[in-house]
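Counting in full-length UniProt numbering, the sequence shown runs from 1 upward without gaps.
All residues carry an ideal CB built from backbone N, CA and C; glycine is no exception.
Here is the structure we will look at.
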Amino acid sequence: MKTLNIIGVGKVGKVLAKNFLRQQQFAIQQVLNRSMASASTAVAWLGAGRAVDAIAQLQPADVTMLTVSDDQITSVCQQLADAGLLKDGSVIFHCSGAKASTELQAARMAGATVASVHPVRSFANVDLLAEQFVGTICSLEGDEAALAVLVPALQAIGAETVIIQAENKLLYHAGSVFASNYLVTLMEVALRTYQAAGIPAEVAQKMAAPLARQTLENVFALGTQAALTGPIARGDMQTVVLQQSRLSEWDQQAGDLYRVFTQPTVDLAAARISDSHSEK
Numbered sequence: 001m002k003t004l005n006i007i008g009v010g011k012v013g014k015v016l017a018k019n020f021l022r023q024q025q026f027a028i029q030q031v032l033n034r035s036m037a038s039a040s041t042a043v044a045w046l047g048a049g050r051a052v053d054a055i056a057q058l059q060p061a062d063v064t065m066l067t068v069s070d071d072q073i074t075s076v077c078q079q080l081a082d083a084g085l086l087k088d089g090s091v092i093f094h095c096s097g098a099k100a101s102t103e104l105q106a107a108r109m110a111g112a113t114v115a116s117v118h119p120v121r122s123f124a125n126v127d128l129l130a131e132q133f134v135g136t137i138c139s140l141e142g143d144e145a146a147l148a149v150l151v152p153a154l155q156a157i158g159a160e161t162v163i164i165q166a167e168n169k170l171l172y173h174a175g176s177v178f179a180s181n182y183l184v185t186l187m188e189v190a191l192r193t194y195q196a197a198g199i200p201a202e203v204a205q206k207m208a209a210p211l212a213r214q215t216l217e218n219v220f221a222l223g224t225q226a227a228l229t230g231p232i233a234r235g236d237m238q239t240v241v242l243q244q245s246r247l248s249e250w251d252q253q254a255g256d257l258y259r260v261f262t263q264p265t266v267d268l269a270a271a272r273i274s275d276s277h278s279e280k
């Protein structure tokens with residue numbers, strides 16, 4: 001079984017490592033965090049590995065997983081290479097959604113093969129996701145030799161793997177940001193708007209929840225065009241203009257957000273009409 005070192009064990013690192021361990025894909029060798037206390041806590045949670053708090057304490061491993069912050073990937077990789085921890089035949093990968101495997105050039109220069117792995121899931125609840133990882137889509141890109149090791153390991157823990165190109169990482173990750181992060185921001189604006197209209201916060205939650213849940217269900221069951229409802233879908237642009245104006249009076253950011261969404265929604269409604277005509 002190949003050995004695995006983990007650098008910067010946070011939520012993503014914990015979930016992947018726990019599942020790799022459970023399915024006996026890698027033997028966890030060492031866990032490096034910024035402090036010994038943090039590394040020891042991660043080792044205790046995983047139930048495997050040895051905690052260290054300095055690169056000098058690491059021993060070479062067959063596979064190294066970097067789950068450090070994006071701005072630390074290149075420098076940590078360089079430090080590992082300088083310490084002689086990355087050699088011919090070893091694999092190193094990071095788990096950034098936005099950064100490509102090109103961030104690991106120092107490892108390539110040392111003879112290792114490189115990749116990036118990004119699980120497309122929300123990691124808000126680590127304990128839950130660690131137990132419900134099966135079915136998670138993981139995007140990968142990098143060297144063929146690295147992918148030959150990582151793809152089977154990920155599939156063994158129940159992931160669905162998708163190979164992408166390094167030059168498309170930023171666009172790919174932006175899609176995830178729209179589908180997750182900005183969706184949260186949009187719901188925050190929706191809830192604040194209800195409250196600005198005099199709706200108590202707890203009632204606003206009850207009003208927004210079924211709308212949001214049913215809309216998302218419709219998107220994935222029917223497609224975006226069929227799921228679109230509301231004034232723009234009905235062609236009621238007078239209401240749209242009045243709402244945008246009133247929102248801007250109350251909160252300029254909310255008004256600007258409403259305005260930015262208007263034209264893409266008009267285009268989506270128009271595409272639905274065009275497609276329905278072409279089907280006749």
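A distance of 8 Å or more separates the beta carbons of Q79 and G49.
Nearest C-alpha to V241 among D256, T229, N125 and A39: D256. Every alpha helix (DSSP H) stretch that sits fully inside the segment 93 to 133 and reaches 4 residues is listed by chain position as 105 to 109 and 126 to 131. DSSP lists S139 as the beta-bridge partner residues of V162. Boundaries of the beta strand (DSSP E) harbouring L4: K2 to I7, taken from the DSSP string. Of F220, T161 and T224, the smallest CA-CA separation from V120 is found for T161. Minimum Cα-Cα distance from V126 among the listed residues G13, W250 and Q263 corresponds to G13. Going by beta carbons, L170 and A98 fall inside the 8 Å limit.
Residue environment for M109: exposed (fewer than 16 other C-beta atoms within 10 angstroms of its C-beta).
In the DSSP annotation of this structure, the continuous segment of the beta strand (DSSP E) that includes R50 starts and ends at R50 to V52.
In the DSSP secondary-structure assignment, I28 is bridged to L4. With contacts defined as CB atoms closer than 8 Å, V91 and V63 qualify as a contacting pair. Counted as a single uninterrupted DSSP element, the beta strand (DSSP E) harbouring L66 occupies residues V63 to L66. In this model, R192 and A208 are separated by some 11 Å (Cα to Cα). Using a Cβ distance threshold of 8 Å, A17 and I6 count as a contacting pair. Fewer than three beta-carbon pairs drawn from the segment 149 to 161 and the segment 224 to 234 are found closer than 8 Å, and the two stretches are therefore not classed as touching.
By the neighbour-count definition (other C-beta atoms within 10 Å, threshold 16), V15 is a buried residue. Taking all protein chains in view, the Cβ of I73 is crowded by 16 or more other Cβ atoms within 10 Å, so the residue is classified as buried. In its chain, beyond the 5 residues on either side, A51 have a beta carbon closer than 8 Å to the beta carbon of S40. Here Y182 is exposed: its Cβ has fewer than 16 other Cβ atoms, across all protein chains shown, within 10 Å. About 4 Å separates the beta carbons of T3 and A61, which is inside the 8 Å limit, making them a contact pair. Spatial neighbours of Q155 in its own chain (CB-CB distance under 7 Å, excluding positions within 5 residues in sequence) are listed in chain order as T161. Positions of the beta strand (DSSP E) runs, each at least 3 residues long and wholly inside the segment 154 to 232, are given as 160 to 163 in order along the chain.
Contact between A204 and Q195 holds: CB atoms are separated by about 5 Å, below the 8 Å threshold. Cα atoms of A201 and M187: separation of roughly 13 Å, rounded to the nearest angstrom. Out of A81, F123 and A166, the CA that lies nearest to the CA of T102 is found in A166. Around the Cβ of E249, a 10 Å sphere holds fewer than 16 other Cβ atoms; the residue is exposed. DSSP places Q244 inside the alpha helix (DSSP H), whose first and last residues are M237 to W250.
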